[in-house]
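*Asks:*
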Amino acid sequence: MEKPAPQCGADDVIVRPIAIAPCSSDVHSAFELQAPWLMNRILGHECVGEIIEKGERVQDFEVGDRVVIPCTTPTWKHPDIQDSYHQHAGGLNTGICFSTYEDGTFANLVKVRSADMNLALLPKDMAPETAVMITDMMTTGFHGPELAGVKFGDTVAVFGIGPVGLMAVAGSALMGAGKIIALGTRPNCVKLAREYGATDIVSYKDGDVLRQIMDLTGNQGADAVIVCGGNDRTIDLALAATKNGGTLVNLNVITGVDSLNLSMSAAAALVGHKTIKGGLCPGGRKRMERLIAVVQAGRVDPSKMITHRFRGLESIEKAFQLMVDKPRDLIKPVVLLD
Numbered sequence: 001m002e003k004p005a006p007q008c009g010a011d012d013v014i015v016r017p018i019a020i021a022p023c024s025s026d027v028h029s030a031f032e033l034q035a036p037w038l039m040n041r042i043l044g045h046e047c048v049g050e051i052i053e054k055g056e057r058v059q060d061f062e063v064g065d066r067v068v069i070p071c072t073t074p075t076w077k078h079p080d081i082q083d084s085y086h087q088h089a090g091g092l093n094t095g096i097c098f099s100t101y102e103d104g105t106f107a108n109l110v111k112v113r114s115a116d117m118n119l120a121l122l123p124k125d126m127a128p129e130t131a132v133m134i135t136d137m138m139t140t141g142f143h144g145p146e147l148a149g150v151k152f153g154d155t156v157a158v159f160g161i162g163p164v165g166l167m168a169v170a171g172s173a174l175m176g177a178g179k180i181i182a183l184g185t186r187p188n189c190v191k192l193a194r195e196y197g198a199t200d201i202v203s204y205k206d207g208d209v210l211r212q213i214m215d216l217t218g219n220q221g222a223d224a225v226i227v228c229g230g231n232d233r234t235i236d237l238a239l240a241a242t243k244n245g246g247t248l249v250n251l252n253v254i255t256g257v258d259s260l261n262l263s264m265s266a267a268a269a270l271v272g273h274k275t276i277k278g279g280l281c282p283g284g285r286k287r288m289e290r291l292i293a294v295v296q297a298g299r300v301d302p303s304k305m306i307t308h309r310f311r312g313l314e315s316i317e318k319a320f321q322l323m324v325d326k327p328r329d330l331i332k333p334v335v336l337l338d
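Each residue of the sequence shown is one higher than the last, beginning at 1 in my numbering.
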């Protein structure tokens with residue numbers, strides 16, 4: 001697809017991508033949403049790049065700087081920001097501009113709005129492929145235990161250990177969870193979940209999933225359940241696995257159904273003072289700088305999730321197709337453009 005080069009506003013920068021990664025939400029946008037505003041839209045929202053042009057009001061960045069670009073890049077000028085939900089300033093999901101309201105990062109040039117508020121400098125000792133894992137997967141996965149309010153010694157169950165789930169495991173470990181139960185079957189994901197801090201693995205291949213969780217928690221359930229995968233029935237199961245007084249957090253994009261149904265037993269369990277939350281990945285400059293600091297300190301290495309590497313803009317289609325096909329050895333692909 002050929003389009004005119006993006007125009008740089010006074011607060012914006014134009015970036016040349018040097019590392020990008022396709023996401024499962026790109027697949028949803030391409031094949032499932034069927035939204036009219038997505039026609040001829042360039043997809044992609046996970047990117048690290050080099051600034052080639054800056055607006056006149058941009059103060060903190062210069063042409064030639066290599067920067068980490070969060071997938072959530074609001075304008076930061078909307079009054080909704082003052083309610084602390086920058087992801088939805090001006091409407092649901094409006095903070096995620098790339099590939100929804102504006103062209104995304106699968107391009108040779110990308111405009112980033114509100115550059116001083118959204119960008120973070122790429123450290124000289126950090127590989128671009130590591131940083132691109134921070135832009136969405138790490139910030140989204142870490143948001144799970146944040147929303148759940150995980151405390152020292154809590155038991156956390158993570159449903160689905162793809163990239164977001166793996167980062168939810170890592171984030172829960174950093175927040176001090178005592179027992180972290182990871183639900184998944186792919187051998188490479190199971191291995192990495194243990195490296196990131198999972199203490200127990202639950203698989204449907206080993207029998208009833210809920211029974212396994214209850215056996216691991218003294219028949220109480222988990223203090224926090226974080227849903228990072230599954231289908232329309234997963235929420236029902238996750239709610240049943242949540243301890244009385246606990247919190248269920250959904251980070252998963254559920255598609256292919258018109259509604260979610262709760263079983264009577266799960267719905268009745270709501271009288272147990274259970275909380276259900278959902279959230280969208282935090283973005284902005286400070287968020288990126290904080291996560292970069294975590295990686296630089298050696299607390300988490302998100303690059304371990306990269307299983308497939310490609311080079312060149314023409315390879316985006318191959319990397320994207322992997323996200324469609326989901327081979328068993330896939331965790332996360334990355335395309336290097338430098």
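Where a beta carbon is used, it is the ideal one built from N, C-alpha and C, also for glycine.
Hey, is the stretch 48–62 in contact with the stretch 78–90, meaning 3+ C-beta pairs nearer than 8 Å?
*Replies:* Counting Cβ pairs under 8 Å, fewer than three are found: no touch.
*Asks:* Going by alpha carbons, who is nearest to VAL324 out of ARG299, SER259, ASP26, GLY91?
*Replies:* It is ASP26.
*Asks:* Closer than 6 Å by C-beta to THR247: which residues in its own chain qualify, once you throw out the five before and the five after it? Chain order, please.
*Replies:* Same-chain partners within the cutoff: ALA148, ALA224, THR275.
*Asks:* Beta carbon of PHE159, beta carbon of GLY230: below 7 Å?
*Replies:* Yes, they are a contact pair.
*Asks:* Under 8 Å, with one C-beta from each stretch per pair, do the stretch 139–153 and the stretch 202–220 reach the 3-pair mark?
*Replies:* No contact exists between the stretch 139–153 and the stretch 202–220.
*Asks:* When you compare only the Cα positions, how much space is there between PHE342 and HIS28?
*Replies:* Residue 342 lies beyond the residue range present for the chain, which begins at 1 and ends at 338; the question has no answer from this structure.
*Asks:* If I follow the unbroken alpha helix (DSSP H) through ILE213, where does it start and stop?
*Replies:* Note, ILE213: alpha helix (DSSP H), 209–216.
*Asks:* Would you tell me roughly how many angstroms separate the C-alpha atoms of GLN321 and ASN252, rounded to the nearest one?
*Replies:* Cα to Cα, GLN321 sits roughly 20 Å from ASN252.
*Asks:* Compare the C-alpha of LEU192 against each of VAL164, ALA177, HIS86, MET175 and name the closest.
*Replies:* Per the Cα distances, VAL164.
*Asks:* Less than 6 Å between C-beta atoms, sequence neighbours within five positions excluded: which residues of the same chain meet that for GLY144?
*Replies:* The residues are ALA168, ILE226, VAL249, LEU251.
*Asks:* At 4 residues or longer, and completely inside the stretch 131–169: list those alpha helix (DSSP H) runs for me, N to C.
*Replies:* Taking only runs of at least 4 residues, the alpha helix (DSSP H) segments lying wholly in the stretch 131–169 are 139–148.
*Asks:* Identify whether THR247 lies in helix, strand or coil by the three-state DSSP scheme.
*Replies:* Strand.
*Asks:* Please identify the residue among ARG41, ALA21, THR242, GLY90 whose C-alpha is closest to the C-alpha of LYS332.
*Replies:* Closest option to LYS332, Cα to Cα, is ALA21.
*Asks:* Have a look at PRO70 and ASN219 and give me their C-alpha separation to the nearest angstrom.
*Replies:* The straight-line gap from Cα to Cα measures roughly 40 Å.
*Asks:* Beta-carbon separation of ALA222 and ALA157 under 7 Å?
*Replies:* Taking 7 Å as the Cβ cut-off, ALA222 and ALA157 qualify as a contacting pair.
*Asks:* Would you identify the three-state DSSP class for ILE180, choosing helix, strand or coil?
*Replies:* Looking at ILE180 - three-state DSSP - the assignment turns out to be strand.
*Asks:* Indicate the three-state DSSP secondary structure (helix, strand or coil) for ALA222 in the structure shown.
*Replies:* Correct three-state label for ALA222: strand.
*Asks:* For PHE61, report the span of its beta strand (DSSP E) as first-last.
*Replies:* Looking at the DSSP string, PHE61 is not in any beta strand (DSSP E), and its letter there is neither H nor E.
*Asks:* Please report the distance separating the alpha-carbon of GLY300 from that of PRO6.
*Replies:* The sequence shown places Val at residue 300, not Gly. Roughly 35 Å separates the two Cα atoms.
*Asks:* Which same chain residues end up closer than 6 Å to LEU262 when comparing Cβ atoms and leaving out the 5 residues on each side of it in sequence?
*Replies:* Same-chain partners within the cutoff: ASP236.
*Asks:* Ignoring anything shorter than 4 residues or poking outside the stretch 283–336, list the alpha helix (DSSP H) runs there in chain order.
*Replies:* With a minimum length of 4 residues, the continuous alpha helix (DSSP H) runs that stay inside the stretch 283–336 are 285–296, 316–325.
*Asks:* One question on the structure: do THR72 and GLN87 come within less than 7 Å of each other, judged by their Cβ atoms?
*Replies:* Yes.
*Asks:* Alpha carbons only, please: which of CYS8, SER203, ASP65 is nearest the one belonging to ILE18?
*Replies:* The candidate whose alpha carbon is nearest that of ILE18 is ASP65.
*Asks:* Compute the Euclidean distance between the alpha carbons of LEU337 and GLY91, then round it to the nearest angstrom.
*Replies:* Each residue's Cα considered, the two are about 33 Å apart.
*Asks:* Please find out if some non-hydrogen atom of the ligand COA comes closer than 6 Å to the beta-carbon of VAL335.
*Replies:* Judged by which ligands are present, the structure shown has none, so any question about the ligand COA falls away.
*Asks:* Report the rounded CA-to-CA distance for HIS78 versus CYS228, giving the unit in angstroms.
*Replies:* Each residue's Cα considered, the two are about 30 Å apart.
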